[in-house]
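**Student:**
2 protein chains.
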Amino acid sequence: MTRFALTIEFDGGPFFGLQRQDNGPSVQQAIEEAARAVTGENAVLHSAGRTDSGVHALAMRSHLDIAKPFEPFRLMEALNAKLRPAPVAVIACEEKPEDWHARFSCTGRAYEYRIRNRRAPLTLEKGRAWHIARPLDADAMHRAAQALVGHHDFTTFRSVHCQSASPVKTLDALTVSREGDAVIVRAAARSFLHHQVRSMVGCLALVGQGQWREEQVAHALAARDRAALGLNAPPEGLYFVAARYEDDKQERTA
Amino acid sequence: MTRFALTIEFDGGPFFGLQRQDNGPSVQQAIEEAARAVTGENAVLHSAGRTDSGVHALAMRSHLDIAKPFEPFRLMEALNAKLRPAPVAVIACEEKPEDWHARFSCTGRAYEYRIRNRRAPLTLEKGRAWHIARPLDADAMHRAAQALVGHHDFTTFRSVHCQSASPVKTLDALTVSREGDAVIVRAAARSFLHHQVRSMVGCLALVGQGQWREEQVAHALAARDRAALGLNAPPEGLYFVAARYEDDKQERTA
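Residue numbers (my numbering), protein chains in the order written: chain A, 1 to 254; chain B, 1001 to 1254.
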């Protein structure tokens, strides 16, 4: 068996999330089926994150164990050939030691959330960003976000379906910046709760629109109560952008 | 009659181009129908450029003459409401004097051509960029492009369907730069021939892949013969990004 680490990009729009679901197609199913078509084996895909329906990835990290010998580049090419025309692509592939685990070895995860802030509806970014027509104060959002950075009980910002053992997480960074009519939220942590990024962005958007005072974000956090959540941002603006590992110098060789 | 200048963004994918066509839906038709629904008038849309089927726009400039009085912002909102769910949006609207013409007053046009240069197929950028799997030398492309800058007979880079009176144009700038695995070609001129940007990009892509020597771009230009064209780049990577006018300080007020 060889463990192959894959870097995966996908458009989450047509999928019921990354992880296998009973109710519709998933990215995991697409890749596992491609792997079976290529290798004849039933490899299981393990991934750094578990993205929801509609959430995108620019560089999800995953792994598959495959018995048949492959050059990583050839495996990547073969998987991509079988994945077509689904909007999933393996953008890098490399061999890893068998104790490397895409999920359990991952020491850092980063998400980006894209908001387009303008009156006009979206065209090219439809399904790729959250459209907010009311003007957002990105500076106020950034200031309010800083209350969430650090080691906290994030119960307020956690889906009722979250399977994490504890609601306590350390948020390493949460920044909000304006780039023209785009407002970009960037979040980094060792790990996140289910819906955490979308829940944080939802509350920050309330601050940005002046519906919440900046301090209300800190109050919502302190409440440790899902009912204190102002708003859960929609999935289509969310991108999984990076997973970090101890051995990162060797990453993405294919 | 009031002349309203519109700034228009659209995903060219589902359209048979900007201009009205007999064979399928056009951006012009979508906007004219929205304008009729809003005003009850049969206004004709005039635009700075004539983009082909599949070509996108981030900021096309157009105008409509409308008798019914409107605040520009209200007209923009009403047009966008009627345009949904087509991927066309009016992102700005302002009143102009009646001698201002979106096409004839335009003194500069700019296009961007996006190439994604990697082995893996495209996912989120499918239909939004030209996918070239073979490595491109963007520096060589940029050097070769400089032979096209200036006042030249661009017959080689002109569609046989081009309606321009003369093949002689002045290309103000043509740059090629790499941004990660994206290679971006930017072109600016007072005006362009039909297919000129795509034809120039096609030849530069041959240079980038080492299929053409850099000098061959200059030779193709000197040939003044469409048969000397190496390759016409596909439409999906092309974006109309800006139109310039003498009175630009007042632009995009809504």
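Note that beta-carbon positions come from the ideal geometry of N, C-alpha and C, so glycine has one too.
How about A:Val207: is its C-beta nearer than 8 Å to some C-beta of chain B?
**Tutor:** Position 207 of the first sequence, counted from the start, is the residue given in the question as residue 207 of chain A. Answer no: the Cβ-Cβ gap between A:Val207 and chain B never drops below 8 Å.
**Student:** So who's on the other strand from B:Cys1203, going by DSSP bridges?
**Tutor:** The sequence position of residue 1203 of chain B within the second sequence is 203, counting from 1. Its beta-bridge partners do not exist; DSSP assigns none.
**Student:** Assuming the contact rule is C-beta atoms closer than 8 Å, B:Ala1089 and B:Asp1065 should be a hit. Round their C-beta distance to whole Å, please.
**Tutor:** Against the second sequence, residue 1089 of chain B aligns to sequence position 89. Against the second sequence, residue 1065 of chain B aligns to sequence position 65. Not a contact, Cβ separation roughly 21 Å.
**Student:** Is there a C-beta anywhere in chain A that falls below 8 Å from the one on B:Val1038?
**Tutor:** Here residue 1038 of chain B corresponds to residue number 38 of the second sequence, with the count starting at 1. Answer no: the Cβ-Cβ gap between B:Val1038 and chain A never drops below 8 Å.
**Student:** What is the DSSP secondary structure of A:Ala35, reduced to helix, strand or coil?
**Tutor:** For the purposes of this step, residue 35 of chain A is taken as the residue at position 35 of the first sequence. A:Ala35: helix per DSSP, three-state reduction.
**Student:** Does A:Asp99 pass the burial test, meaning 16 or more other C-beta atoms within 10 Å, or should it be called exposed?
**Tutor:** Position 99 of the first sequence, counted from the first residue, corresponds to residue 99 of chain A. Its Cβ having fewer than 16 others within 10 Å, A:Asp99 is exposed.
**Student:** Cβ closer than 9 Å: which chain A residues qualify as neighbours of B:His1056?
**Tutor:** Within the second sequence, residue 1056 of chain B is the residue found at index 56, counting from 1. Result: Thr123 and Leu124.
**Student:** Label A:Gly180 either buried or exposed according to how many other C-beta atoms from any shown protein chain fall within 10 Å of its C-beta, with 16 as the threshold for buried.
**Tutor:** Residue mapping note: residue 180 of chain A aligns to position 180 of the first sequence, counting from 1. Under this definition A:Gly180 is an exposed residue.
**Student:** Report yes or no: do three or more beta-carbon pairs, one from the region 169-186 of chain A and one from the region 138-146 of chain A, lie closer than 8 Å?
**Tutor:** yes
**Student:** Who are the neighbours of A:Glu9 on chain B, taking C-beta pairs under 8 Å?
**Tutor:** Taking the first sequence and counting its residues from 1, one reaches residue 9 of chain A at position 9. The answer, in chain order, is Ala1120, Thr1123 and Leu1124.
**Student:** Please look up how many angstroms separate the CB atoms of B:Ala1005 and B:Arg1061, rounded, as I've assumed it's under 8 Å.
**Tutor:** The residue you call residue 1005 of chain B lines up with position 5 of the second sequence. The residue you call residue 1061 of chain B lines up with position 61 of the second sequence. Contact holds; Cβ gap of about 6 Å.
**Student:** Whose CA, out of B:Glu1214, B:Ala1030, B:Ala1059 and B:Arg1119, lies closest to the CA of B:Leu1307?
**Tutor:** Chain B is shown from 1001 up to 1254; residue 1307 of chain B falls before or after that span and cannot be answered.
**Student:** Measuring straight from C-alpha to C-alpha, what distance separates A:Ala220 and A:Gly202?
**Tutor:** Within the first sequence, the letter at position 220 stands for residue 220 of chain A. Within the first sequence, the letter at position 202 stands for residue 202 of chain A. Looking at the two C-alpha atoms, the distance is approximately 12 Å.
**Student:** How about A:Val241: is its C-beta nearer than 8 Å to some C-beta of chain B?
**Tutor:** What you label residue 241 of chain A is simply residue 241 of the first sequence in a count that begins at 1. Output row for A:Val241: interface = no.
**Student:** Taking DSSP as the reference, what is the three-state secondary structure of B:Thr1253?
**Tutor:** Taking the second sequence and counting its residues from 1, one reaches residue 1253 of chain B at position 253. Per-residue confidence for B:Thr1253 stands at a pLDDT of 45, beneath the threshold of 50, marking its modelled position as unreliable; the derived number appears in the next sentence. Reduced to three states, the DSSP call for B:Thr1253 is coil.
**Student:** Show which residues of chain A have a CB atom less than 8 Å away from the CB atom of B:Val1183.
**Tutor:** Along the second sequence, one-based indexing puts residue 1183 of chain B at 183. The premise fails here: B:Val1183 is roughly 16 Å from chain A at the closest Cβ pair, so nothing lies under 8 Å.
**Student:** Are the CB atoms of B:Arg1224 and B:Gly1108 nearer to each other than 8 Å?
**Tutor:** Your numbering for residue 1224 of chain B matches position 224 in the second sequence. Your numbering for residue 1108 of chain B matches position 108 in the second sequence. No. Outside cutoff.
**Student:** Could you tell me which residues DSSP pairs with B:His1151 in its beta bridges?
**Tutor:** Here residue 1151 of chain B refers to the residue found at position 151 of the second sequence. Looking at the DSSP assignment, B:His1151 forms a beta bridge with B:Thr1170.
**Student:** Restricting to Cα atoms, I'd like to know which of B:Arg1158, B:Gln1216, B:Leu1206 and B:Ala1242 is closest to B:Arg1190.
**Tutor:** Residue numbering aside, residue 1190 of chain B sits at position 190 when the second sequence is read from its first letter. When C-alpha distances from B:Arg1190 are compared across B:Arg1158, B:Gln1216, B:Leu1206 and B:Ala1242, the shortest belongs to B:Ala1242.
**Student:** May I have the straight-line CA-CA distance separating A:Gly208 from A:Glu215, to the nearest angstrom?
**Tutor:** Numbered from its first residue, the first sequence carries residue 208 of chain A at position 208. Numbered from its first residue, the first sequence carries residue 215 of chain A at position 215. The straight-line gap from Cα to Cα measures roughly 12 Å.
**Student:** Counting only Cβ pairs nearer than 7 Å, list the residues of chain B close to A:Asn80.
**Tutor:** Along the first sequence, read from residue 1 onward, the residue named residue 80 of chain A stands at position 80. By Cβ distance, chain B contributes Ala1120 and Pro1121.
**Student:** Between the Cα of B:Trp1212 and those of B:Asn1117, B:Glu1095, B:Arg1119 and B:Leu1229, spot the shortest distance and give me the residue it belongs to.
**Tutor:** Sequence index remark: in the second sequence, residue 1212 of chain B carries index 212 (1-based). It is B:Leu1229 whose Cα lies nearest to the Cα of B:Trp1212.
**Student:** Mapping DSSP to helix, strand and coil, what is A:Asn117?
**Tutor:** One-based indexing of the first sequence puts residue 117 of chain A at position 117. Reduced to three states, the DSSP call for A:Asn117 is strand.
**Student:** What is the rounded straight-line gap between the Cα of B:Ile1132 and the Cα of A:Pro72?
**Tutor:** Within the second sequence, the letter at position 132 stands for residue 1132 of chain B. Within the first sequence, the letter at position 72 stands for residue 72 of chain A. Cα-Cα distance, rounded: 20 Å.
**Student:** Tell me which residue opens and which closes the alpha helix (DSSP H) that B:Val1160 is part of.
**Tutor:** Residue 1160 of chain B sits at position 160 when you count from the first residue of the second sequence. Element bounds for B:Val1160: n/a, residue is neither H nor E.
**Student:** For A:Met1, write down the residues that DSSP places opposite it in a beta bridge.
**Tutor:** As a first step, residue 1 of chain A is located in the first sequence; it is residue number 1 there, counting from the start. DSSP lists no partner for A:Met1.
**Student:** For the 8 Å Cβ check, are there 3 or more pairs between the region 1008-1016 of chain B and the region 146-155 of chain A?
**Tutor:** no
**Student:** In angstroms, rounded to a whole number, what distance separates the CA positions of A:Gln21 and A:Val55?
**Tutor:** Taking the first sequence and counting its residues from 1, one reaches residue 21 of chain A at position 21. Taking the first sequence and counting its residues from 1, one reaches residue 55 of chain A at position 55. Their backbone Cα atoms lie some 15 Å apart in a straight line.
**Student:** Are there 16 or more other CB atoms within 10 angstroms of the CB of A:Arg257, so buried, or fewer, so exposed?
**Tutor:** An answer regarding residue 257 of chain A cannot be provided, because it is not within the stretch 1 to 254 covered by chain A.
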